[in-house]
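Numbering (our numbering), first residue to last: 4 to 392.
Shown next, in the form of structure tokens:
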């Protein structure tokens, strides 16, 4: 008697069927359904999108009165496969009423759905970072860099100025002093040829210096809001991490509030992406700034709805490593927050993140390998019911 199984990973099962290669290419694009919430569609746009979606085999859920044009704007939920999206995007790019922009946003979301995640390891050459075990002397930092490379970390983020809640800005002179010896080590050992190096700094002169030493990424918690920081990266083929922060480290956690969390962060990203684009920088990474001027609810909402920011067509970085939001959920010391960190980071990967910034790199690499294996698992699930013959 035939029986039916629900498949968690249809794409893998298609491979196991030994389909024709061309057939597989066609079918695997039909194997996964994507759902998108689309807000504030003009009434004509909503009805055009509904018609075009149905024409390619997809669907758009709309309020029942949308067909009567009773309101000026409507929200909808678009449901489609990757195969259907290709046909639909082509049609939408020719349509009026803002549908070209809808097509661009959908394209950005779909582009990153299958991107291989990367682990970014943290090294703090500081005496006051919030996690004691992350504070490194120059010698410790050198050993940790080599250890991370051996573990398989893909990016190392080095910082010489703590930005923990309540911290004050560090002078450029102090930052230079702390970094001097480690930069010499990096140059001597040609570390930049072995791994991507990121400098976690808000100081333009530090950014310039590190770029000269072969760093490939500038991670700026102030989101390149300083004109001098924009000038520091101009002309370099480097990656720039735009992080959102409300206020400054010293006061950012004193009752942070937003009129609209997502719209305010979105507006900030739009502004900073445009500024970097004018400097010739196209390799941009976005960081919503977990714990930087955010309450627990803000942080949870950002992780839960992270895919919203894929519309910018940029990789998303999340750094929730051992942060106090974990303590607010389940009281614990900084040293006891590894499990909570892994939970937050794996959920972030599920929701669109492709770079995870963390202290515990070995544990994250293991967790990531297990998580990826789960995505690729091909044995299916037990039968839901038997088919009636």
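Ideal placement from N, C-alpha and C gives every residue a C-beta, glycine not left out.
Proximity of residue i and residue j at Cβ, strictly below 8 Å
i, j, result
"residue 449", "residue 181", "Since the first residue shown for the chain is 4 and the last is 392, residue 449 is missing from the structure and cannot be characterised."
"residue 224", "residue 246", "yes"
"residue 56", "residue 83", "yes"
"residue 241", "residue 197", "no"
"residue 43", "residue 314", "no"
"residue 289", "residue 320", "yes"
"residue 154", "residue 365", "yes"
"residue 46", "residue 69", "yes"
"residue 109", "residue 59", "no"
"residue 157", "residue 122", "yes"
"residue 88", "residue 118", "no"
"residue 264", "residue 304", "yes"
"residue 184", "residue 141", "yes"
Contact belief for residue i with residue j at Cβ below 8 Å, rounded distance in angstroms
i, j, result
"residue 175", "residue 208", "5 Å"
"residue 128", "residue 160", "Contact flag wrong, Cβ pair sits at about 12 Å."
"residue 306", "residue 347", "6 Å"
"residue 268", "residue 236", "Not really, about 22 Å apart at Cβ, beyond 8 Å."
"residue 294", "residue 328", "6 Å"
"residue 102", "residue 95", "5 Å"
"residue 367", "residue 359", "6 Å"
Close Cβ partners of residue i (< 6 Å) along its chain, the five nearest in sequence each way excluded
i, result
"residue 40", "80"
"residue 271", "247"
"residue 341", "363"
"residue 48", "100, 101 and 102"
"residue 206", "175 and 178"
Alpha helix (DSSP H) segment containing residue i, residue limits
i, result
"residue 50", "46-58"
"residue 249", "Counting along the chain, residue 249 falls outside any alpha helix (DSSP H), and DSSP gives it neither H nor E."
"residue 325", "No alpha helix (DSSP H) holds residue 325; DSSP gives it neither H nor E."
"residue 343", "341-353"
"residue 280", "264-281"
"residue 302", "299-307"
Cut-off 7 Å between Cβ atoms - residues of its own chain near residue i, not counting five sequence neighbours on either side
i, result
"residue 72", "46"
"residue 65", "49, 53, 77 and 79"
Span of the beta strand (DSSP E) around residue i
i, result
"residue 74", "Where residue 74 is concerned, there is no enclosing beta strand (DSSP E), given that its DSSP letter is neither H nor E."
"residue 289", "287-290"
"residue 223", "220-223"
| Which parts of the stretch 168-207 are runs of the alpha helix (DSSP H), unbroken and 4 residues or longer, counting only runs that do not cross its ends? | 175-192
| task | Within the stretch 85-115, note down every full beta strand (DSSP E) run reaching 3 residues or more, in order along the chain. | result | Whole beta strand (DSSP E) segments, 3+ residues: zero.
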